[in-house]
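There are 2 protein chains.
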Amino acid sequence: MARAERKKLKEAPEKTTRIQEINRRLILDAALDIFSTYGFRGTTIDQIAERAGMSKPNLLYYFPRKQNIYVTLLEETLTEWLAPLAEIDAEGDPIEQLRKYITLKINMSETHPEASRLFANEVLHGAPAISDFLTKYLKPLVDEKAAVIRRWVGEGKLAPVDPYHLIFMIWATTQHYADFDVQVRAIMGSQVGRPGFKEQTAQAVLSIILNGIRPRD
Amino acid sequence: MARAERKKLKEAPEKTTRIQEINRRLILDAALDIFSTYGFRGTTIDQIAERAGMSKPNLLYYFPRKQNIYVTLLEETLTEWLAPLAEIDAEGDPIEQLRKYITLKINMSETHPEASRLFANEVLHGAPAISDFLTKYLKPLVDEKAAVIRRWVGEGKLAPVDPYHLIFMIWATTQHYADFDVQVRAIMGSQVGRPGFKEQTAQAVLSIILNGIRPRD
DNA sequence: CAAAAACTTGACTAGTTGGTCAAAATGCAG
DNA sequence: CTGCATTTTGACCAACTAGTCAAGTTTTTG
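Read top to bottom, the protein sequences are chains A and B.
In this text, residue positions in the first sequence follow the working numbering: the first is 1, and each later residue adds one.
In this text, residue positions in the second sequence follow the working numbering: the first is 1001, and each later residue adds one.
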């Protein structure tokens, strides 16, 4: 994403000042925290403004509608969130590629749980703000990678498995640790915070899925 | 859960009339639809009242607070939702027991997606209304079944696998089809509605997980 | 069938919240 | 330093929403 740094263009409507850049960032960071915790309806502009350290009218000077903040946040998050899938290399070793993908997803769940929750909440409520994204961007990408996996199965490099369901399973499992964090903590208690927990999780998930799809016979 | 059907007890405060029974049911059914779609904050009492076919004051006659409806609904749903886990038989064949469990969960996701979404939404937002349930009821049950699975692993009937992560994986994967239904539809399109879809899903999920935990060597 | 109990609702209130506006404060180019 | 553009905010408003209330209607019961 290029940032335009025009100077003398009188007619250019989208010049971005230093203060704008700082404040938009403050707002979006605050909004991610609040939206991911309380959802769209459960979040008030005042909450975001307070967390961002500015008055509500000032916040509305940068984002005229609450919806604008929310959509901007989702767009900013989604591309990044999907990046690991795009990186799956059709020419690489299947098991190795999927191991890398799952590992990346588990890391993201641990380092950016708010992003995962923001997205989960949106989809859970019917994805009103991103249904276009799902059909126009996500679907083609998944179709492409599903074709790769299907080819791998055809070549006997993976056990026969439906590629779409495999992808869903990886998403579901990895994001579970971010989205259902409270539940995971309620059950596993203090283990969750401990240093090796992420590695232990990755190990368990990788072990089941990779053994589940390793070619047999 | 026993329903008390007292007749002559003057001091009994909890007698339930015919009309009460009907209307509470109407309200809870309507509320499940609305809450599971819009979340707690996103739902208005008027919406529920309209869907239930009664006036708002009348609804509030049965449930004095919005929160009451929500909590009642969660309690009613949760026990039923967890039932399949309780049914795992420590003396049965491990693979067979887990196959049955996964199949039951996929069926529930398909027949009661609203219940799954209601629960998912609650946990996603930090489970404010059911944190007690999680620690006092869910955790002991999971601990018990995890011990069973661990024993199975010890006896060589399952590949070495962390029982908690296995349970999380089953939950995540099966509930994904209810909670992320919009996304699944966006990607798989018209297939989702088709007759054999549930069976195909069950087949794919079972294949990966069961092969992932089948004893090796 | 008459009185009591249970049920129902229109009209209302108080609190919240998304968004406006005009005026003040600040930043910045020449 | 000056004047214009950008930024900031207190005060405000209209819409919405959880919950109340008193007065009516229906159901149950003796």
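From the three backbone atoms N, C-alpha and C, an ideal C-beta is built for every residue, glycine too.
Length of the line joining the Cα atoms of residue i and residue j
| i | j | result |
| --- | --- | --- |
| P1084/B | K1105/B | 7 Å |
| E1005/B | K1015/B | Only weak support exists for where E1005/B lies, its pLDDT of 34 falling under 50; the coordinates are left without a value. |
| N121/A | N1121/B | 7 Å |
| S55/A | T72/A | 20 Å |
| A127/A | D1029/B | 23 Å |
| V161/A | F168/A | 12 Å |
| R1041/B | F1035/B | 9 Å |
| P215/A | F197/A | 29 Å |
| L74/A | A1031/B | 28 Å |
| P140/A | K100/A | 21 Å |
| K1157/B | I95/A | 25 Å |
| Q200/A | Q1067/B | 38 Å |
| R151/A | R1025/B | 51 Å |
| T17/A | G53/A | 19 Å |
| V142/A | I130/A | 16 Å |
| V153/A | P163/A | 9 Å |
| A49/A | H112/A | 22 Å |
| N1058/B | D1033/B | 19 Å |
| A86/A | I149/A | 13 Å |
| K145/A | K1136/B | 43 Å |
| A1090/B | R65/A | 56 Å |
| M188/A | N107/A | 19 Å |
| R117/A | Q1020/B | 38 Å |
| T1079/B | R1051/B | 25 Å |
Where residue i falls, given that 16 or more other Cβ within 10 Å makes a residue buried
| i | result |
| --- | --- |
| Y61/A | exposed |
| K7/A | With a pLDDT of 36 at K7/A, under the threshold of 50, the modelled position of this residue cannot be trusted; read the value that follows with caution. Classification of K7/A: exposed, given that the 10 Å Cβ count is below 16. |
| S1109/B | buried |
| A147/A | exposed |
| D1132/B | exposed |
| P195/A | exposed |
| P1013/B | For P1013/B, the predicted structure reports a pLDDT of 49, less than 50, and the residue's modelled location is therefore unreliable. A value from the coordinates is still provided. Classification for P1013/B: exposed. |
| S190/A | exposed |
| Q97/A | buried |
| I1022/B | exposed |
Under 8 Å between C-beta atoms of residue i and residue j
| i | j | result |
| --- | --- | --- |
| I1209/B | I208/A | yes |
| T1174/B | F1119/B | no |
| A1172/B | A172/A | yes |
| I27/A | I88/A | no |
| Y177/A | H1125/B | no |
| H165/A | A1204/B | yes |
| Q1047/B | L134/A | no |
| L138/A | L82/A | yes |
| A202/A | T103/A | yes |
| V123/A | F1180/B | yes |
| F1212/B | N211/A | In the sequence as presented, Phe is not what sits at residue 1212/B; that position holds Gly. In this structure, N211/A lies closer than 8 Å to G1212/B by Cβ. |
For this session: Go through the stretch 1055–1111 of chain B residue by residue and report every complete run of the beta strand (DSSP E) that reaches 3 residues or more, in order.
Result: none
Problem set entry | Sequence ranges, alpha helix (DSSP H) only - wholly within the stretch 108–164 of chain A, length at least 4 | 113–124 and 139–154
Problem set entry | 4-residue-minimum alpha helix (DSSP H) runs that sit fully inside the stretch 177–214 of chain A, ordered along the chain | 181–188 and 197–213
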